[in-house]
Structure formats: structure tokens, C-alpha cells
Amino acid sequence: MRHLPILLTVVPLTGAFLVPVLGRRPDRAYRLALLSVLLVLACAAGLLAMTGSGQTLQYYVGDWPPPWGIEVRVDALGAMLATFFAFVYLMVVLYAGSSVRAELGPAAQFWYWSLLLLLLAGINGVLTARDLFNLFVFTEIASLSACAIISVRDRLDSMEAALKYLILSAVAGGCILLGVALLYMVTGQLHLDHLGAALPAAAGSYPRVLLAALALLVSGFALKSALFPLHVWLPDAHSSAPSPSSAILSGLVVKLGIVALVRLFFVVFDWRRLVTLPLPTMVMAMGALGIVLGALFAMGQRDLKRMLAYSTVVQVGYIYFGLALLDEIALTGALMHVVNHALLKSMLFLCVGLIISRTGERSTAAMAGLARSMPLTVASFTVGAAAMVGIPLTNGFVSKWYMVLGTLNSGRPAMVAVILVSSLLSALYYFPLVVSAYFGRPASPQAEGPEGPPAMVWPVVGLAAVCLVLGIWPELPLRLLGGVARVMLGL
Amino acid sequence: MGCLAFLVVCAVVVARTRDLLAATVVFAAYSLVMALVWQQLRAPDLAITEAAVGAGITSLLFLLAIGRTRRMEDED
Amino acid sequence: MGMPLALFVRLNYMAAITLFLIGLHVLLGHPNLIKKVMGMNIMETGVFLFLVSIGYARHSAAPIMSPGGAESGLYANPLVSAIVLTGIVIAVSTTAYTLSLTIKLYEHCGTLDVNRLERLRR
Amino acid sequence: MSSTFEIASCLPVVAVMLPLVGAAAAYLVGLRWGLLRNWLCCAVTAGSLALCLAMYPDIARGGVLVARAAVLLPLGISFRVDVLGFLLATVSAAIWFLATLYSLEYMRGEHGVNRYYAFLVLTLAGSLGTFLAGDLLTLFIFFELMSLPAAVLVIHEETQEAVRAALKYLFMTIGGSLFFFFSMVATYQFAGSVALGGRGLVGEASTLAFLTFMGFVVAFGIKAGMVPLHVWLPDAHPVAPSPASALLSGVMIKTGAYGMLRVMYEIFGLDLLRQTGWPSVLLGLSVATILLGSMVAVTQFDLKRRLAYSSVGQMGCILLGMSLMSERALTGDVFHFFADAVAKSCLFLCAGVIMKETGKRDIRQFGGIGHRLPITMACFAIAAFTLVGIPPFNGFISKLQLSLGAFDAGMPGYALALLASSMLNAVYYLPIVITAFFDRAAPAAANGAGRRRLAEAHPTMLAPIVVLALGCAVFALSSENWPLRLSETAARLLLRR
Amino acid sequence: MRQLGATALLVVAAAVLFATLAEAPPFGWQEAPTRNVITDRYLAPGAGETGVLNAVTRIIFDYRSYDTLGEATVLFVGVAAAVVVLSGRTGRFAVRLAGGSDDPVLQTVTRVVVPLVQVFAAYVITHGHLSPGGGFAGGTMLGASFVLYLFVFGADRARRKLRPETGEMVEGGAAVWYVLVGLGGVLMGASFLANAAAGFPRGVEGALLSGGAVWLIGLGIGVKVAATVANLFLHLTGED
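This is the structure in C-alpha cells:
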């Protein structure tokens, strides 16, 4: 049981390395992927149970104590995110099991599972990393494998989108590494907590170097997590990828930049000193811009997947907005929204994947009158839309409640308008789809038969069910995240 | 000190030149001199690795890429 | 007058940052894909040069210990070399993947120019 | 009656859960057996009416029923039934039962019937929950649970016009709920709790408090059809099937006014309102609502659109009554809730019969239908007289109390507004009744039949109309005006706080 | 427009970075902040705690071997993605490089040089913990020798010598080997990737087999990098 923190990353790695060893057999690779994800979910659930009472699990890799060796630490936030991300991963792998044959090229059939497992390893690595350079390495693994699962689709637009994403993530990687170098130059430490301890002394003699390092790290991770002005790569990347991949990209990969910045903001840099810098207000402004302009773009889209991609830009802006408030309740709300959005957006992308695979059309008009032939999918889409808008009894409402309360608590009542506008804008581009699905006239004659293979439909329904359950009984995640927020803010 | 100047010149040449093959050759030279600089900065491991990987594999990759695409940068 | 002297003492850092900026400029500014990948490599080697320069100390020896284990002289910083080694391998794998994407895109649309690719896709 | 003590009871929880579960059951049953589903819906609505009535003994003794159901968020769902909540919940359950009975016949042969019944019962759960809610969060949740499914009722016909009206309704409702959300969170910020029934949670008179008040005004204004925010109402109500519009106009827009009432007297408190004078905003808006709603109604010739605009007018009276802040005005206001709910739903049900039997929507062609549909038109007349405020009916009592209340509050000018509302009501209701009964228009000759046979509606449609019409009259005539007595107690409770 | 934007970004970044450089610790300063308690332990005289003379290899394969595992994964991801993309359908503008020339001089020289390179590569891999070099450099050289063979004798003969399937299998196998050595530490009661703590024999200082797990991991990495490079170039040339 002591080794659970490291197993989170090692199990998917081993699974990924075993895929080519098993020979070029897609079905074997799929079963291996399923097994690995199940194991990861079990590990994550175990960790969540252990860190439930707020204590954190430290694991020294290679038995070398922190400043010398690398430490892997799992706190309540890491455990909870790992559990929900692993659950989403399980649903997506189940979904992809039957949807992948149509969309992928020949060689991709079995490499796809290896790349998915590598991405999961990268995600878990970032969630549990406690060493700055280790965080960078796992962010690179995640970014590279994220590009890979876009370009597995043997089509021109996927490859072009993957290339654009790859080049921008290389730029981000360069900036982050330079930031790490600057920090190491003035403090000599790489472990997050020791770095945090050494910073005040270094700030005395090298203030500008630290500012440059902070700027580079923030812009690098913001570029990787598509904060507003740096989001240009996201719509192409997430809309041209195969549906299971876009579900993971929008749901999980985008959150890695956010988790990394949360670690940096609250563990390394003393956030009370950050308040004096213009950084929080700048991030808040970019978040607000992301919310409004992203929503306007989303309304203009005719392609379902591009609309969902722009909606991701909005939600990332929303989360950054909550973080930048530097208020305990808003932080709880923002972290809760990281989980909510992971569940919601992956479910919505899988819904759209089902709709596309059944009607063959990607346009928003494809949803007209679909409720009769695809009842379960449209019902889940409705739950997703309701949660995005923040209707009560969905998990979206819970995080919206905490975000607005946090905004008021931090003494910025005017900022509440931004959050409310984001809910209204989400309604403006989600609800017409739901209404047209239930009450519209189907354009093309509906194909008969069930709405999709059960292995594709039930994961979608499962995700929707979890969103509702989180909406009705949110106290477990909230208690955990409340504790994490208090610890981070050092209250 | 001379090597650093050479490196910067190589980088500028790679940036300016139109002919990709020439750029690749200059890039190989750039990697070799970079390996030399690292050896001077007392990092022999990196010197060997940079020589093998930077000059070797990366330049080879560029050559193959140019082989399979086109040589001149500005298209008609 | 302190500025040029301060910079002269840190010549290596200046060179490294210059390489980083040239690489960044080529990566973002040039339309040709292969030129972009070269720019990416130059940018990353720039960062690596910066890192190695951090680890260097005047009159220090390479961090290889002699079996006798006697003297404890001044050695260059080994941690920096480890970091750069990892960085080099990351750079190579990114380059390999980007170049194969470039080759495939060229196969489908016959151009390496990013603007033309954009128009073709729409 | 002055002291109130809290009785823990599960009646409110069961009353709300029954229609919730009933709706799901009705939908599932409805997939196979239509008839069984119809009776199931009637049973469910009747059951919730019975549950509400079962609360009467405790309420009569002055008790307040309290129940904490599930724990949701830090605040949890809680119910708190006092006299006002009980009165409105019982009235809405009764009207829902009658509307369900009415739709058995009305919806025969229509499309999407299964969905209609399920959402009809679901909106009942929403409105009951709103009236019985014990804190703002529960009120917000059931407020949403009522307004969003109502969009499905509005869109029932699935015509292009219905879809547009429903979308407009949906977006305005969501906009309204955002304002409500902001104000609720701000209240939580001020007082650390959102429970109703207190003396007044928001103590200070800061600009944020005013913003919170205006947030509530906008949120409930949209639902209640206050003038600048009423634009969705004249489109949505006429498009919906008649029993649905009866419920929409009769009960659902009342939840908006009810919410405003609760917020004004239990969240902000009487003395804070008097000290800051914020209700004057509501006074101005309600007068505008009365005048504009009634005047536009006069110009409408489509029967349902005229009724919809009349609802806007009547809501203006209710909003006016609550912002006068005098005891008699409040009594009149609560009674007017009751009177308008009964009368307006009766009118809409009659309109349904008229359109179903004669197929005509334009008032000018209503000549002589009084002879063909004597009972319906008689009930229509009674309900119309109630709303106009002609003495023997409920309307007169509430208008009287409201005017006296205006005098008590020292603002006689507003009594004039009430008088104007009655006059305008007369202008657009009475002509309908007159042409229906006394106009020898030509339709009789058109179909050439000898003596026009009595083409009255199906008894299950007529019964609800008659009961509602009696509801308008019997209480005023009978010695023991039960709803009025309850209204007085409610008013005293609200002010005493 | 893109050119203008890039230049503007260049100027701003240059100004910021050069300003901060002036304030950085001087180059080659012997009391720089990075020379602290951490580097003192890394630079322990002799074979130190890990039985490895080369301080950099100590860090790569023992103190921070989790980083190296991550980095081997990055290489695996990069090449796997490249392989997937390259084996897609061929486009209209495809240019195939089968390689290979029947020039006898070239072939004989290659036949002589390739084994030599492989011997040197084997030396570099196995002596990673004693002298500069190590898994990565040696592995790359091993891969490069195969690529030389590939270019001279053509893709088809190279594929006969090393089929892509076996290349991938060796690559995956070596990576799993690395993880297994790590798990070995777990089986022996210490934590993942433990070396001395897990009881791997430190061996005689300076001897070929000293350094316990470090030597095994170096071997694994060498084979993995060689297989990966070979696999990449196999897919870059020849029919797929």
C-alpha cells in the first residue's frame, strides 16, 4: 500500500510499454489498456481514501530524501483529481473500444492504446509531481502524447492541427525550461517546498530574475492550458481529433497547466507577495476576456466539436478567474470546477461523437429532432448543458455557487457579473441545441436501429449520472477541496 | 569566447538562408561546436551526447525530411 | 557604465539567451515548416547552453571521480548536466515527431508553407 | 393566533415528492397505457391537494410546519409552511387537479400527450416546492424546477412560433435565475444563512444590499411579468395548450410575486424597507404594469393574448399591494393572489372550451356563442366580473382591501391606480360577455341548422370551470370567508415580524 | 503579419531577459547559489554511496532516475507518434527514399565500419558509470550504426536484418526492463528505482560491474535508444 503514489504513474507506463511487446494486435492492446486504466482507478481510489482525512502521502523515489532525490506527493487535491480523471479515462477507453476502428489509420489501431496510456501516465505524473523539473518532464510527456492522439486520425486537418499544437507546446516547453533554469540559478533548489523556502532569500538579491522566471513559467503553463490570448491552437486541435481523444484533451489535458500553476502559485511563490504584483489582476482580466469572447466565438460556430472546443476556452478562463481571486471559497469553487468540467466536457464530446457516428454530420443542424432516435444521448447532452449553465441539482451549480460566494467574499461584487454573464452565454449556445433536439424537425430521415453500440452509449450515461450525483451530494468533494484550499492559502 | 560568436553566427545563417540543405549543414556544424563548448564548460557527458544526438541523429533527420519533401524554401 | 561590464562578465548567458531568442523568432516567424523545426532546435539548445553555463565554475574539473577517492577539488555542477541530457532527448523526440508530421503533410498537399497549408485546409 | 410554534412534520416533503415521483411514473406508464396514465395524473394531483389540506389543522392552531430533507451544499433543503405558504400551496394544488381533469378531454387525440402530462405534474412539484420552501436555496431550486419544464408546456404545439416563444421564455427565465442566484449568494454573504421566516437577514443599507434587492426585483419581476420584463408572457401563454396556460397564468406567475413577498418581509424586513424606501421602486413599476398591461389588453383581439395581457395587469395590482406595506393592503394582496388565481385559470379554461368547440380565437367573431355554450360563457362572465371587481365576487373584496390599505399607508394616489385597473378590466372583459350573450350575430344562420343544438363541452371539461367559477363567488357570499380570514392571519404574521 | 508579430515579441523578450541577466550571479562564480548541500552530496569523492564514479550518471540513473524514466518515455512517445503518422496513407506528392547503392567501395567500407562503431557504442554504454557517455550516447551510436547500414544497403535488406515488428518489440521490452529494475527495488523492500538501499551490490569501486542497478539501467536505456532510433529510420525510409 505504501507504493500507491508511484504506482499511479508506473502502471500506465508499463501498460504502454507492453503494447508493442504484445505484437501488432489491436484487441490485445485494447484489453491491456482497459486493465491498466482499471488498476489506476483502483490506486487512485485507494489514495483518495487515505488522503481523505487531509494528510498527504510522501514517497521518496529511490529512497533518496527530497532535495537530493525526487519526491512524489499525493495530497487531497491530487488524489481527487486522479480519481475523477481515471474514471473519465475508463469511460473514454470503453467508448473508444468500439468507436476507434472507423476513425483511425491502420498502424494507429494498436499504437493508439499505447499513446492513451502514456498520456494517462503524463497526467498522473503532473498531478503527483513535487519536483519542478519532474513536473516539466511529465508535462512534456502529456503534451507530446496529446499531440500524438490528435494526429492518429489519418486526415489532413488532424495532422495540421496536431502540428500547430506541437509547435506552440514546444515554445511553451522552452519558456518553462528557461523559467526552471532561472529559478535553479538563484536558489539552487528543484524540490517545490525547498524552492519555496529558499525564495525569500533569493528575492532579496535577485528580484528581477525571479520576476522573469515567474513570467516565463506562467506564460508557458498558460499556453499549455489555453488561457485566453494563448488559446489559438485549441479549437483546431480539439475539433479535428477523434472524439475519444478530444474528450480527454478538453477534459483532462487542458487542466494540467492549471494544476501546475496552482502548485507554483501556492507552494513555491508566496501568494501573499504575488498580490502586490499585477499578476493576479492580469490573469483575472485574461480569464474574464476568455469567458466573454470565447462564448461569442462559440455562438458563431456551426460545427459541434468546434463549439465545444470554444466552450472549453470559456471554462478554462472561468477557472483561472476563480484562481486569480486568491480567496479561499473561490479557490474551492475553481478546483471543484476543474473536476466538474473534466466530467462534463468529456461527456459532451462523447455525446457529439455518438451523434456524428450515427448521423454522419458534424453541423449543429444535425441535432434537430434527434431526441426520438437517440434518447439516452440527448438526455445526457441536456444534463451536460444544464450543468454548464449551472442549473441547480447539477454539479455546475455547486461550483458556480462557490465561485460567486468567493467573489463576494473577496470584496469584488462587480466581478460577479462576469460569472453570471458566462452562465447566460453558455445557455445561449447550448440550449438552442437541446431545444432543437427535442422539438426540431429531423433534416435527414433518421437511420433506424439502436442509437449506438452499448459500449459507446453507457459510458456517456455513466458520466452524466456522476455529474448529477455530484450535484446532489457534493459534500464529500467539497469538504476535501475546502481543506486543500485552506492549506494552500495557509489560512 | 570565439565559439559563442560562431554559434550565434551559425544561428543567424540558419535563420536567413533560403536553401534548406545549406541550413542543415550549418546546423550540423552548429551542433558540433555546441558539443565543443559543452566540453569546455566541463560537461563531457553532454558533449558526447550532443555530438551523437545533435550532430548525428538530428541532422540526419533533417536530411531525410528534405529528401522526402523539397529542398528550396521559397516556393513558386 | 556598469551595464556592459556586468554583461561582459556573463557572456555565456548572453550568448545563450541570444540563441534562445533567435530560435524563438525563427520558430514563430518563418513560414517554412522545416525552418521552424530548426528554429525549435536552436531555441532548445540555447536554453541548454544557459543551463550548462549555470553549472560551470572557474577552474573546475569534469564531475568524474577518480577511483582513489582522495582529493575533493572543485567540480562542475553535475545536476545541470543531468537536466540538459534529459532536455536533449526531449528535443530529439519532438523534432522526430514534428518532421514526420511535416513529411506527411507535404505528401498530402505538396507544400511546406504554413500559410498555404492553412488555406488548403479551409 | 399571534404566537407561532414550529411543528416538525414530513407533510410538506411528501407533498412535494409525490408529484415529482408521480411525473416519472406517469411518463413510464404512459409509454404503454394512455388511459391508466391519465387517471394516475389525476390521482397524483388529487393526492397532493389532500396532503396540503391535511396541513390545515396544524396551520389553524397557528403552527408552522418545518422539515429538513436532504443536505445539499452547506445549506441543505428545508421546508417551512406558514399560513401564506399553506393557502397558496392548497390553491395551486386544487387548480392543478382541476386543470388535469380538464386536459383529459382537451388533450384527447393531441400529439405528445405523454410528455405533456409528465411535465404538467412536474411543474406542480416545482410550484408546491416553491410555496412550501423554508429557505431561499430550496425556493431557488424548485423555482427552477417549475420554470424550466414549463418551457416544455409552452413549446407543446411545436410550431415555429411556439419554439420561438419557448426560447424567449427560456432565456429570460435563465437570465432571471442568474439575478436570483446573485442576490441569494449576496444574502448568504450578508447573513451567513438564507433561511426564511426570520426578522430580516440583511441588516445594513449598503449599495450591495440595494443591488441584492434589485436582483430579487428583476428575478421575480421576470417571472411575475412586471412591465419592462413581461415581454415573454404575451407570446408564451397564448401558444401553450389552454390548461397549461391556465396554470401558467393562474399559478406560476404568482410564484414570482410570492417570492417577492417573502423576500421583502423576511429577508429585508419591514423596518429596513421603511427606512431605505426601496419599495418605492416596486410601487412605480407595478403602477406601470397595471396601466400598460390593461391598456394593451384592450387592443388585443385574440382571446388568449387579451387574457395574457390581463394577467400582466392583475400582477401589477398584486405587486402594488405588497409594496404599500400596510396591513390591510397585505390582506387584500394575499386575497388577490387567491382571487386572481381562481378567476384567471377559469377564464383560460373557458377560452379553451370556446376555441375547441367553435374553433374561433378572434373576439369579434364571438357573437352569440353564449347560446351555444351557455354554461361556459356563464362561468366566463363570473370570472370576468371577479377580475373587474364587481361587488358580489372575490375581486371586489381584494380591490377594496387594497384601496383601504393604500389609504392606511397614506398614499391615496395608488387607490386611483387600482380604480383605473378595474375600469380598464371592465373595458376589455365586458364586451366579450355582452357580444357572447346579447349579440344576434349571423353565425347561427351560416351553418343553416334549425334550432342551434346545445354543443356544450364534455362534462369533464365543464366541471372544473364550474367549480372555479363557484370559487369566485361562493366565498364572498358565504358568511365564513375562509380564504379572507387566512389572508388576514398571513398579513398579520408578515407585518408582525 | 506573423513576421511582424514575431519580431515584436523578440524585441520585448530580449529587453526583459537581458535586463534580468545583468542581475544574475556572475558566470563561473565559485560560490554560486547552485553549489549547495545538494551538489556536495552528488559530488561525494570516490564511488560515493552509489558505487558510480561518473557523478552525472549517479544523478541520471540513481538519485533522479525517475526523471530518466520520464525522459525514456518521452522518446518512446515521440517515435511512436512518428511511426503512427508515417504509416498513414501516402499522399499524392509522396517521395520515397529506398536508399541503398551498389557501389562496392561503399559497401565494403560499411561492412568494416559498422562493427567498429557497434563495439565502441557497446563500450560507451557499458562504461557509462566509469567514464563520460552512458546509455543515451551509446544507444544513439548503436542506432546510428544501423542507420549507416540502412543507407548503404537499402531499406529492404535493412528490414530483413531488423523487421519493424521486432524493432518495436525490443524498444518496448527494454523500456519494460527499466521499469522491472525499478520494481526490483520494490520487491527488495525499498521504494521504486532504489539502488543501494534495495541491496543491489555496489561492487568494487571502479570495476566494470560496480554500481548495481545503475549498470543494469544503463544497459536497458542503451538498447532502448538504439532500437528506437533504428525503428524511426526504418519507417522514414522504404515502403511501409
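Residue numbers (the numbering used here), protein chains in the order written: chain A, 1 to 491; chain B, 492 to 567; chain C, 568 to 689; chain D, 690 to 1186; chain E, 1187 to 1426.
By construction, the Cβ of each residue, glycine as well, lies at the ideal position given by its N, Cα and C atoms.
Helix, strand or coil at residue i according to DSSP, with G and I counted as helix
i, result
"Arg73(A)", "strand"
"Gln58(A)", "strand"
"Asn1240(E)", "strand"
"Ser36(A)", "helix"
"Arg1282(E)", "coil"
"Arg2(A)", "coil"
"Arg562(B)", "coil"
"Thr1423(E)", "coil"
"Ala662(D)", "Since the first residue of chain D shown is 690 and the last is 1186, residue 662(D) is not available in this structure."
"Asp236(A)", "helix"
"Asp131(A)", "strand"
Strand pairing of residue i, partner residues [DSSP]
i, result
"Ile696(D)", "Leu754(D)"
"Ala884(D)", "Asp824(D)"
"Gly1214(E)", "Ala624(C)"
"Tyr642(C)", "Ala628(C)"
"Phe768(D)", "Ala756(D), Ala822(D)"
"Asn599(C)", "Asp680(C)"
"Asp747(D)", "DSSP output for Asp747(D) lists no bridge partner at all."
"Ser363(A)", "Asp303(A)"
"Asp991(D)", "Asp1051(D)"
Near the ligand PLP: residue i beta-carbon under 8 angstroms from a heavy atom
i, result
"Asp327(A)", "Here there are no bound small molecules, and the ligand PLP is not part of this structure."
CB contact below 9 angstroms: residue i versus chain E
i, result
"Ala513(B)", "no"
"Val40(A)", "no"
"Asp510(B)", "no"
"Leu498(B)", "no"
Cβ-Cβ separation, residue j to residue i (assumed contact under 8 angstroms), whole Å
i, j, result
"Leu211(A)", "Leu195(A)", "Going by Cβ atoms, the distance from Leu211(A) to Leu195(A) rounds to 16 angstroms, so no, they are not a contact pair."
"Ile863(D)", "Ala387(A)", "With 8 angstroms as the limit, Ile863(D) and Ala387(A) do not qualify as a contact, their Cβ atoms being about 13 angstroms apart."
"Leu343(A)", "Cys147(A)", "With a Cβ gap of about 24 angstroms, Leu343(A) and Cys147(A) do not count as contacting."
"Gly1160(D)", "Ser1111(D)", "Their Cβ separation, rounded to whole angstroms, is 20 angstroms, which puts Gly1160(D) and Ser1111(D) out of contact at 8 angstroms."
"Tyr495(A)", "Gly287(A)", "Nothing in the structure corresponds to residue 495(A), since chain A is present only between 1 and 491."
"Ser737(D)", "Leu707(D)", "5 angstroms"
Min CB distance residue i to chain B below 9 angstroms
i, result
"Val1356(E)", "no"
"Tyr597(C)", "According to the sequence provided, residue 597(C) is His. The question's Tyr does not apply to it. Closer than 9 angstroms: yes."
"Val1263(E)", "no"
CB contact check: residue i to chain A, cutoff 9 angstroms
i, result
"Gln1003(D)", "no"
"Ser1377(E)", "yes"
"His675(C)", "yes"
"Asn1381(E)", "yes"
"Thr669(C)", "yes"
Minimum Cβ-Cβ distance from residue i to chain C less than 9 angstroms
i, result
"Met80(A)", "no"
If the cut-off is 8 angstroms on Cβ atoms, which residues from the region 388-412 of chain A count as contacting chain D, listed in chain order?
Sequence-ordered contacts of the region 388-412 of chain A with chain D read Val389, Gly390, Ile391, Pro392, Leu393, Val398, Lys400, Trp401, Val404, Leu405, Leu408, Asn409 [C-beta pairs closer than 8 angstroms].
What residues in the region 1320-1334 of chain E bring their beta carbon closer than 7 angstroms to a beta carbon of chain B?
Taking a C-beta cut-off of 7 angstroms against chain B, the contacting residues of the region 1320-1334 of chain E are Gly1320, Phe1322, Ala1323, Thr1326, Met1327, Ala1330, Val1333, listed in chain order.
Positions along the region 421-433 of chain A whose CB lies within less than 9 angstroms of some CB in chain D
Along the region 421-433 of chain A, going in chain order, the ones with a CB nearer than 9 angstroms to a CB of chain D are Val421, Ser423, Leu424, Ala427, Leu428, Phe431, Pro432.
Residues within the region 1202-1214 of chain E neighbouring chain A, beta-carbon criterion of under 7 angstroms:
Hits within the stretch, in order: Val1202, Leu1203, Ala1205, Thr1206, Glu1209, Ala1210, Pro1211.
Contact set between the region 1264-1281 of chain E and chain A, restricted to residues whose Cβ is under 8 angstroms from the partner
The residues in question are Gly1264, Ala1266, Ala1267, Val1269, Val1270, Val1271, Ser1273, Gly1274, Arg1275.
Chain E contacts made by the region 545-565 of chain B, where a contact means CB separation under 9 angstroms
Of all residues in the region 545-565 of chain B, Gly547, Ile548, Leu551, Leu552, Leu555, Ala556, Gly558, Arg559, Thr560, Arg561 have a Cβ within less than 9 angstroms of some Cβ in chain E.
Near-chain A residues of the region 1282-1298 of chain E (beta-carbon distance less than 7 angstroms), N- to C-terminal order:
Listed by position, the residues of the region 1282-1298 of chain E near chain A (Cβ gap below 7 angstroms) amount to none.
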